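Take a look at the structure below.
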Amino acid sequence: MTQQPSIEHAPTPWKYRPLKYDDWGFVRDASGQLACIARGHDDKDDDQHRRENTDLYAVNAAFIVEAVNSHEALKARIEELEGALREMTKTFEPFSMKPVGAPNSSARLDQEWEIAVHRRACCVLSKGTR
Numbered sequence: 004m005t006q007q008p009s010i011e012h013a014p015t016p017w018k019y020r021p022l023k024y025d026d027w028g029f030v031r032d033a034s035g036q037l038a039c040i041a042r043g044h045d046d047k048d049d050d051q052h053r054r055e056n057t058d059l060y061a062v063n064a065a066f067i068v069e070a071v072n073s074h075e076a077l078k079a080r081i082e083e084l085e086g087a088l089r090e091m092t093k094t095f096e097p098f099s100m101k102p103v104g105a106p107n108s109s110a111r112l113d114q115e116w117e118i119a120v121h122r123r124a125c126c127v128l129s130k131g132t133r
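According to my numbering, the sequence shown is numbered sequentially starting from 4.
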């Protein structure tokens, strides 16, 4: 299997219709190059949008721009949260050798909750982000 060459995405931040004569849907990268063209759908035809001076593709384009521009920050935040969760699972591993307290007692229910939460955190960490 041949390995594909590494291709970088268009530089961020992306902007919607930053140039005077950009058409509906035009999203440009930080260097001003066309990064993508958003499309959309609603019940109005193009002529009605022109008469009302509204942009048929603006909502989807804004969504794309926000997603692209926040991507790196979201990845960094996920890494940070996974690191904190990893430390918590190591530091606060619940005592699970022998149940504490009588069934349905406050101590027993707390212990069962701690074990369940710890297992869930370990499961989240085992899945990873990619």
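In this text, a Cβ means the ideal position worked out from N, Cα and C, and glycines have one as well.
Since this is a predicted model, take the numbers as computed values, not measurements.
CA-to-CA distance, residue j to residue i, given in whole angstroms
i: Asp49; j: Ser9; result: 39 angstroms
i: Asp26; j: Asp46; result: 20 angstroms
i: Asp113; j: Met100; result: 15 angstroms
i: Arg123; j: Ala76; result: 25 angstroms
i: Tyr19; j: Gly28; result: 7 angstroms
i: Gly104; j: Glu117; result: 14 angstroms
i: Ala110; j: Pro102; result: 9 angstroms
i: Phe95; j: Glu11; result: 40 angstroms
i: Ala79; j: Pro21; result: 28 angstroms
i: Arg54; j: Ala65; result: 22 angstroms
i: Lys23; j: Lys130; result: 46 angstroms
i: Ala119; j: Gln51; result: 56 angstroms
i: Val30; j: Gly43; result: 13 angstroms
i: His74; j: Ala13; result: 13 angstroms
Where residue i falls, given that 16 or more other Cβ within 10 Å makes a residue buried
i: Trp17; result: buried
i: Ala70; result: exposed
i: Ala87; result: exposed
Short Cβ contact (8 angstroms threshold) for residue i with residue j
i: Pro106; j: His121; result: no
i: Leu128; j: Arg89; result: yes
i: Thr92; j: Cys39; result: no
i: Ala33; j: Ile67; result: no
i: Asn63; j: Thr15; result: no
Residue-chain proximity (residue i, chain D), Cβ-Cβ < 8 angstroms
i: Ala110; result: Considering every chain present, this structure includes no chain D. It has just one protein chain.
Cβ pair count under 8 angstroms reaching 3, the region 83 to 100 against the region 49 to 68: no
Could you tell me which uninterrupted alpha helix (DSSP H) segments, each at least 4 residues in length, are contained entirely in the region 42 to 94, listed from first to last along the chain? 49 to 55 and 61 to 94
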